[in-house]
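Data first, discussion second: the structure below is written as structure tokens.
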Amino acid sequence: MSHHIVEARDLAYAYPDGTRALKGVSFRITHGESVALVGPNGAGKSTLLLQLNGFLRPTQGEVRIGNLPITPKTLDQIRRTVGVIFQDPDDQLFMPTVREDVTFGPLNMGFPRQEAESIAEAVLAQVGMSDIADRAPYHLSAGQKRAVAIAAVLAMSPDILVLDEPSSHLDPKGRRRLIDLLHGFSHTKIIATHDLDLALDLCPRTIVIADGRVREDGPTLRLFQDQALLEECALELPLRMQGCPICHPQHPPSPSPGR
Numbered sequence: 086m087s088h089h090i091v092e093a094r095d096l097a098y099a100y101p102d103g104t105r106a107l108k109g110v111s112f113r114i115t116h117g118e119s120v121a122l123v124g125p126n127g128a129g130k131s132t133l134l135l136q137l138n139g140f141l142r143p144t145q146g147e148v149r150i151g152n153l154p155i156t157p158k159t160l161d162q163i164r165r166t167v168g169v170i171f172q173d174p175d176d177q178l179f180m181p182t183v184r185e186d187v188t189f190g191p192l193n194m195g196f197p198r199q200e201a202e203s204i205a206e207a208v209l210a211q212v213g214m215s216d217i218a219d220r221a222p223y224h225l226s227a228g229q230k231r232a233v234a235i236a237a238v239l240a241m242s243p244d245i246l247v248l249d250e251p252s253s254h255l256d257p258k259g260r261r262r263l264i265d266l267l268h269g270f271s272h273t274k275i276i277a278t279h280d281l282d283l284a285l286d287l288c289p290r291t292i293v294i295a296d297g298r299v300r301e302d303g304p305t306l307r308l309f310q311d312q313a314l315l316e317e318c319a320l321e322l323p324l325r326m327q328g329c330p331i332c333h334p335q336h337p338p339s340p341s342p343g344r
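In short: position in the sequence shown from 1, add 85, done, that's this note's numbering.
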């Protein structure tokens, strides 16, 4: 399924003030992969995500979704294929009620209202938010807003899901619900996150971005066992790996009392 493939070719981007956010980034993500993008603040992760469905245009190189380069002519088709969930859900929730927010996408795609409302009901049930469908989005908790933003994107049936810091501001229960929900999305997922435990849960592959470049690209567990890489890129060892003598041999666990 070529339309599920995401490819960046020698991608560079500079902001109007001259700041170079991306410097020759290349990778290929195939159908069904779940890939984490990790790196320090300011590494270029969010800028990179905004290239993947045309919110920003590269100053060099190109992004291809399947066989299509992102151009003004292909933009509508690309945005039907690639669903982006921003770091702040308030950037995506703008209608008077949750139901209207989730219905907006299918209506904009040309679905009749009755069918659009049925789609909205189904995805709200999928994310466990049916009971708040008639509430105003600005009255919701951070976790509820995140779930509704995901529902609004899922309502448009994207083939590729792109998420920027999806676990930020979530309590443990909301975080677990998010992980379970994303496990249920069988197509391609690209997740920018500082939550390396989330990356371990969801993403067999990780791309490490540092100073606008791909620093490493490989199996998540192997990269997270590389202490030098984590320190260089200002990343912390995932909590579940701390104290493990195999994952982190430089700091073996302290012996138990009495031994």
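Every residue, glycine too, gets a C-beta built ideally from N, C-alpha and C. All figures in this text were calculated on a predicted structure; none of them were measured in a lab.
Report task. Would you tell me roughly how many angstroms separate the C-alpha atoms of residue 304 and residue 121, rounded to the nearest one? Result -> Roughly 10 angstroms separates the two Cα atoms.
Report task. Please determine if the stretch 233-244 and the stretch 147-167 are in contact, where contact requires at least 3 C-beta pairs separated by less than 8 angstroms. Result -> Short answer: they touch.
Requested in this report: Under 8 angstroms by Cβ, that's how I've got residue 131 and residue 249 pegged, so tell me the actual separation to the nearest angstrom.
Outcome: 6 angstroms
Query raised in the report: Taking buried to mean at least 16 other C-beta atoms within 10 Å of its own C-beta, is residue 138 buried or exposed?
Result: Buried is the call here.
Query raised in the report: What does residue 95 pair with, by DSSP beta-bridge criteria?
Result: DSSP, once it has assigned bridges, lists no residue as partnering residue 95.
Requested in this report: Along the alpha helix (DSSP H) that carries residue 249, what are the first and last residues, could you check?
Outcome: DSSP places residue 249 in no alpha helix (DSSP H) but in the uninterrupted beta strand (DSSP E) bounded by 245-249.
Query raised in the report: For residue 123, which residues from the same chain have a beta carbon less than 8 angstroms from its beta carbon, with the 5 sequence-adjacent residues on both sides left out?
Result: 130, 277, 278, 279, 281, 284, 291, 292, 293, 294, 318 and 320
Query raised in the report: Taking all protein chains shown into account, do 16 or more other C-beta atoms lie within 10 angstroms of the C-beta of residue 258, making it buried, or fewer, making it exposed?
Result: exposed
Query raised in the report: Among 102, 117 and 98, which has the Cα closest to the Cα of residue 267?
Result: Closest option to residue 267, Cα to Cα, is 117.
Query raised in the report: What first and last residue would you give for the alpha helix (DSSP H) that runs through residue 107?
Result: Counting along the chain, residue 107 falls outside any alpha helix (DSSP H), though it belongs to the beta strand (DSSP E) covering 105-114.
**Report entry** residue 299 beta carbon less than 9 angstroms from that of residue 236
**Finding:** no
Report task. Have a look at the DSSP bridge pairing and note the partners of residue 274. Result -> 119 and 246
Query raised in the report: How long is the line joining the alpha carbons of residue 66 and residue 269, rounded to whole angstroms?
Result: Outside the modelled stretch of the chain, which goes from 86 to 344, sits residue 66, for which no answer is possible.
**Report entry** Three-state secondary structure assigned by DSSP to residue 321
**Finding:** coil
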